[in-house]
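Worksheet for the structure shown next.
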Amino acid sequence: MMQAIPQRNQLFVASCLALLVTSLSFGIRAGILSRLGVQFELNAAQLGSIAATAFWGFPLAVVIGGFVVDVIGMKRLLLVAFVFHLVGILLTIFAGGYWTLFISTLCIGIANGTVEAACNPLVATIFSDNKTTKLNHFHLWFPGGIVIGTLLVFILDKMNIGWQVQVGLMIIPTLIYGFLFSKLNFPVTERVAQGISTGDMYKALLNPLFILMIVLMFGTAITELFTGQWIDVLLKNVSDNAILLLTIETGVMVVGRGLAEPVVHRFSPQGVLLMSAILSALGLYLLGHSTGNMLFVGALVFGMGVCYFWPTMLGFVSENLPRTGAVGLNLMGGAGMFAVSVYMMFMGGRYDELLASKLPAGASLKSYMDAAAGTEMATALAEAKKAAGPEILNTTLLIPVILTVAFAGLLIYMRRKKQPALA
5 MMQAIPQRNQ LFVASCLALL VTSLSFGIRA GILSRLGVQF ELNAAQLGSI AATAFWGFPL
65 AVVIGGFVVD VIGMKRLLLV AFVFHLVGIL LTIFAGGYWT LFISTLCIGI ANGTVEAACN
125 PLVATIFSDN KTTKLNHFHL WFPGGIVIGT LLVFILDKMN IGWQVQVGLM IIPTLIYGFL
185 FSKLNFPVTE RVAQGISTGD MYKALLNPLF ILMIVLMFGT AITELFTGQW IDVLLKNVSD
245 NAILLLTIET GVMVVGRGLA EPVVHRFSPQ GVLLMSAILS ALGLYLLGHS TGNMLFVGAL
305 VFGMGVCYFW PTMLGFVSEN LPRTGAVGLN LMGGAGMFAV SVYMMFMGGR YDELLASKLP
365 AGASLKSYMD AAAGTEMATA LAEAKKAAGP EILNTTLLIP VILTVAFAGL LIYMRRKKQP
425 ALA
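So the numbering used here is basically just the index in the sequence shown, starting at one, shifted up by 4.
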């Protein structure tokens, strides 16, 4: 039975604003990552480590939040997110090097995870009659914020406005969502409202279908988030407007998630996931094997592919495994972000290895990175980057190929599972 939620539209708007801050942090960081490397003399492995911090701060918060949200309530959890967002943003603005960037990014990652830990079950609770669609509408603000963030970076760069101001702009929506959540009344989570015991919830987490979805979440999250976060670094020397590739990709995601209702109802969540995997693989192939305008075609196709991954994975679990409750949703989010953090750190080191392998034998990568613009060494490094970036994308391409096979199997399994009920 659906709870009567008197303020559900206000709660949904405040949730979208909180997610907007989360996504702005991704979009702005993706846009300024290479500049942070130059200003603070950081190599790709260090940049990968800093960027990854947000991704493992996220699962830490989302998993812990998932376990305590039913106990302390969604409102308290979101006020904790507000504090961490504010602290993380301020620390980033006044960063002085690797460790301050590391700690500030960790704070923002914890805030981002806490937002998801509270808002995913909140949206599933207040729209329990239309979960997958409304989770897609909620998660529309993730690519939406990345579009806004990357465009802000692009425009403010042209105006010669520093990255500290760009990061500082996130304070505005942070203060607004903190104020709104402090004034609104929250319902209990759907699991609590339905009277499903904590013991039954933990038993449901051992369901083989749930365990499979956790594993598949590793792949969907890496495909979407690693590529998005590193696209400027990987393709900067292939295209003069690499950050606009991310804007195109995420712009497509905004439109797609906004149109989620007819798509999800027509094809079913598992059908949508299969189509997403196929398009993601095609898009990554184009990004890794193209130059010029075809890169923008690749970003368009890739955006169509990853568009429904995250919210539809959550919607599938919420609809087909409702007894897993808030913990189930948040374990999914935590698993995805943890996988991205591990993959990002590994690929940061791999990228440095590829660069070194493409430079003259015995050359020091650091000496090439320190070379002045226009010198022969700087030109050689640019050519190495031009070759290394697409190789990283081609390695990542294997993941959506595997996902295509897995989601085809899931589609067949769910059809067979539902056949007896139709007979």
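Idealized CB from N, CA, C, for every residue including glycine.
None of the values given here were measured: they were computed from a predicted structure.
Residue 61 places its beta carbon less than 9 angstroms from that of residue 109. In this structure the region 281-298 does not lie against the region 175-194, because fewer than three pairs of beta carbons, one per stretch, are closer than 8 angstroms.
Straight-line spacing of the CA atoms in residue 202 and residue 332 works out to 12 angstroms. In the DSSP annotation of this structure, residue 163 is not part of any alpha helix (DSSP H), being labelled neither H nor E.
The alpha-carbon separation between residue 73 and residue 330 amounts to approximately 8 angstroms. By the C-beta density criterion, residue 298 is exposed, having fewer than 16 other C-beta atoms within 10 angstroms. If you draw a straight line from the Cα of residue 384 to the Cα of residue 164, it is about 28 angstroms long. Taking 8 angstroms as the upper bound for CB-CB distance, residue 64 and residue 114 are in contact here, some 7 angstroms apart. Residue 140 sits away from residue 302, with the two beta carbons spaced by 9 angstroms or more. The continuous alpha helix (DSSP H) containing residue 111 extends over residues 102-130. The DSSP-derived three-state label of residue 198 is helix. If you check the CB distance, residue 334 and residue 116 do not come in under 9 angstroms. When the five nearest sequence neighbours on each side are left out, the beta carbons in the same chain lying within less than 8 angstroms of the beta carbon of residue 14 are those of 184 and 188, in order along the chain. Non-local C-beta neighbours of residue 20 in its own chain, meaning closer than 7 angstroms and more than five positions away in sequence, comprise 142 and 145, ordered along the chain. Boundaries of the alpha helix (DSSP H) around residue 357: 329-361.
Under the criterion of beta carbons closer than 8 angstroms, residue 214 and residue 379 do not qualify as touching, at roughly 55 angstroms. For residue 364, there is no enclosing alpha helix (DSSP H), as DSSP marks it with neither H nor E.
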